[in-house]
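Read through the structure below, which is laid out as structure tokens, and then see the notes.
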Amino acid sequence: MGLRGTVKVPGDKSMTHRAFLMGGIAEGTTVITNALMGADCLASLAAVEAIGARVERTEQDIQITGTDQLKAATIDCGNSGTTIRLLSGILAGGQETYTLTGDASLQKRPMDRVTVPLTTLGATIEGNYAPLTIHGQHLVGTSYTLPVASAQVKSAVLLAGLFATGETTVIEPVLSRDHTERMLPKFGVEVTIQEQEHGRQIRLQGPARLQATTIDIPGDPSSAAFWWTAATLGQDSSITTEHVLMNPTRIGFLQVLRQMGASVEISNRQETAGEETADVTLATTSLQAVTIEGEQIPSLIDEIPLLALLATQADGRTIIRDAAELRVKETDRIETVVTTLRQIGATIEATEDGMIIDGPTPLTGATVDSAGDHRLAMMLTIASTLQPEIQVLGNEVVEVSYPTFYDDLKTLQQ
Ligand code: S3P
1 MGLRGTVKVP GDKSMTHRAF LMGGIAEGTT VITNALMGAD CLASLAAVEA
51 IGARVERTEQ DIQITGTDQL KAATIDCGNS GTTIRLLSGI LAGGQETYTL
101 TGDASLQKRP MDRVTVPLTT LGATIEGNYA PLTIHGQHLV GTSYTLPVAS
151 AQVKSAVLLA GLFATGETTV IEPVLSRDHT ERMLPKFGVE VTIQEQEHGR
201 QIRLQGPARL QATTIDIPGD PSSAAFWWTA ATLGQDSSIT TEHVLMNPTR
251 IGFLQVLRQM GASVEISNRQ ETAGEETADV TLATTSLQAV TIEGEQIPSL
301 IDEIPLLALL ATQADGRTII RDAAELRVKE TDRIETVVTT LRQIGATIEA
351 TEDGMIIDGP TPLTGATVDS AGDHRLAMML TIASTLQPEI QVLGNEVVEV
401 SYPTFYDDLK TLQQ
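In the UniProt record's numbering, the protein residues as written are 1 to 414.
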């Protein structure tokens, strides 16, 4: 049975983290509407509270009164890579000692990608995996070229730059999501961006105190992507997702869907918080295989589990390469995607930096495990809308980024 209807997906996860963290160190009270209240973002909210910000939640919004005296704290970042990495940048220039830890998955994820650049600003951090101990220091601005396309690393360095003396510059050879550099000016910080031959240069002058603002968070395209996939693959399906963030660094997945032959309709374009939003409608179509690689990857990295599922139903061989970063996400997503899709009948093979999928193959019934990975749980649930004999274990983990996922699914099934 197909899925039909309209969904308003929750607020964007990356933007919510940044709004909470920046609000937490801003002067005055920042008011945030449509924030994502998933476990990851709640870890960022609890973190700013722990270091001294005041947080008030009402039905309509979240109000954060920031602090510039960052109190000593031990902070559990849960499953959230964005919390631990961005917070490391903020606390590196604090006045106290801080301990940042997380769940078993987070403790296995590499943190040297932030500790190394932060050290060049003068930070003192113990540990290259969580738990990290950060001894707040006087920081001095520096110039850092990102060795991997990572918005988390870029953001950690820029946030540390707010507490540093002088200019901090980040050079990114490949464009990654740009919410930090878009949101800082909303908090009154001047950010200079220059496109150069060797990449994009982002600069700010420290020390700089953020000024409170209001932020309305658009819908998360990485959450909408589950419904876009369900609509494309379902029988006689059509789903509209409303008020979704259309930031170009985030919608590589929609471009690939188009390339594969999907029917993508975009309407009601608007501007919110310096970001474009739109309603996006997808309907059932047949698909062609594609090759996904290079500079496309950062703009769709979190949607690769869904691209793999789409590829199982597309005509021909889909190749995903240059995506070794998948190996250090909430799980090794090359391994977990390939293993679970194989269990449900896909012809899929792992490579060092991606996967190769031959399609179309009919999906078959099996019991599959989310391995504690929210995006895997939701991708496999979308597969189960095509083949009802697929059972997904550990699906409570959707709480991390999309707590109302199963409610929205029910609405679309009616
Ligand atoms: C994020 C950046 C990406 C992404 C993650 C959220 C962010 O990670 O995969 O889900 O909000 O900055 P990397 O910075 O590791 O690429």
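Don't be surprised by glycine CBs; every beta carbon is placed ideally from N, CA and C.
Note on geometry: alpha-carbon atoms of K329 and P110 lie some 10 Å from one another. Each of A212, H198, R182, G166 was checked against the Cα of Q205, and the nearest Cα belongs to G166.
Uninterrupted alpha helix (DSSP H) stretches at least 4 residues long and entirely within the stretch 243 to 317 occur at 252 to 260, 304 to 312, given in chain order. Short of 6 Å from the beta carbon of L306, and not among the five residues preceding or following it, lie these beta carbons of its own chain, in chain order: A225, T229, M379. Taking 7 Å as the cut-off, the C-beta of A73 does not count as close to any heavy atom of ligand 1. Taking all protein chains in view, the Cβ of N79 is crowded by 16 or more other Cβ atoms within 10 Å, so the residue is classified as buried. With fewer than 16 other CB atoms across the displayed protein chains lying within 10 angstroms of its CB, D407 is exposed. Taking C-beta separations shorter than 6 Å and ignoring five residues to either side along the sequence, the partners of G89 in its chain run A156, L159, A160, following chain order. Distances between the C-beta of V153 and the heavy atoms of ligand 1 include at least one below 7 Å. Restricted to the stretch 100 to 177, the beta strand (DSSP E) segments that are unbroken, complete and at least 3 residues in length are 124 to 126, 132 to 135, 143 to 145, 164 to 172, listed in chain order.
In the three-state reduction of the DSSP assignment, E197 falls in the coil class. Distances from the CB of E197 to the heavy atoms of ligand 1 are all 7 Å or more. Contact between D61 and I32 is confirmed by a C-beta separation of about 6 Å, below the 8 Å threshold. Inter-residue distance for A231 and L386 is about 10 Å (C-alpha atoms, whole angstroms). Bounds of any beta strand (DSSP E) do not take in R333; it lies within the alpha helix (DSSP H) bounded by 333 to 343. In the structure shown, S80 falls within a coil segment according to DSSP collapsed to helix, strand and coil.
Counting other Cβ atoms within 10 Å of its Cβ, K13 reaches 16 or more and is therefore classed as buried. A residue is called buried when at least 16 other Cβ atoms come within 10 angstroms of its Cβ; A346 meets this threshold and is buried.
For S14, the three-state secondary structure derived from DSSP is helix. The beta carbon of E27 sits closer than 8 Å to those of G66, D68, R209, L210, Q211, A212, all from its chain and outside the five residues before and after it, given in chain order. Between ligand 1 and G81, a heavy atom-to-CB distance of less than 7 Å is present. A check of alpha carbon separations from E349 across T16, S176, G372, A311 identifies A311 as the nearest.
In the DSSP annotation of this structure, R327 is not part of any alpha helix (DSSP H), being labelled neither H nor E. Contact annotation: the stretch 245 to 259 does not touch the stretch 188 to 196, with fewer than three C-beta pairs closer than 8 Å. By the Cβ-count criterion, N268 is exposed, with fewer than 16 other Cβ atoms from all chains shown falling within 10 Å of its own Cβ. Contact between G365 and V397 does not hold, since the beta-carbon distance rounds to 22 Å and is not under 8 Å.
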